[in-house]
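For what it's worth, our numbering labels the leading residue of the sequence shown as 7, then goes sequentially.
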Amino acid sequence: MPGQGGAFLAAGVAFTVDVVITVLVSMVTHPKPDSELKGFVYALTPRSERTDPHLHELPWYRRPIPLGIIAGLMVITLNSIFH
């Protein structure tokens, strides 16, 4: 692997700088209260607000489950064709 030493060194330095900055920012900022995180964090959102009551009214291409099934079928089909 000659010639890759510089890239590995740069990646190591970038990772170290990233960790140091993350720790410093975490130390000088205050966490948001739970009330502000409601709706963004699954565990803090009440069960009644976790589902969209109008989801069944949306067309199939705007709902996550049909799109997930189609994407999975496409992956399986393309993998079997090109593998």
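Note that CB positions come from ideal geometry on N, CA and C, so glycine has one too.
Ignoring anything shorter than 4 residues, give me the alpha helix (DSSP H) runs that lie fully in the segment 27–77, in order along the chain. 40–43
Where Ile71 and Pro39 are concerned, what is the direct C-alpha to C-alpha distance, given to the nearest angstrom? 32 Å
CA-CA distance, Asn85 and Arg68? 25 Å
Where Phe21 and Ile27 are concerned, what is the direct C-alpha to C-alpha distance, given to the nearest angstrom? 10 Å
Would DSSP call Gly11 helix, strand or coil? helix
How many Å lie between Glu42 and Gly9 at the Cα? 49 Å
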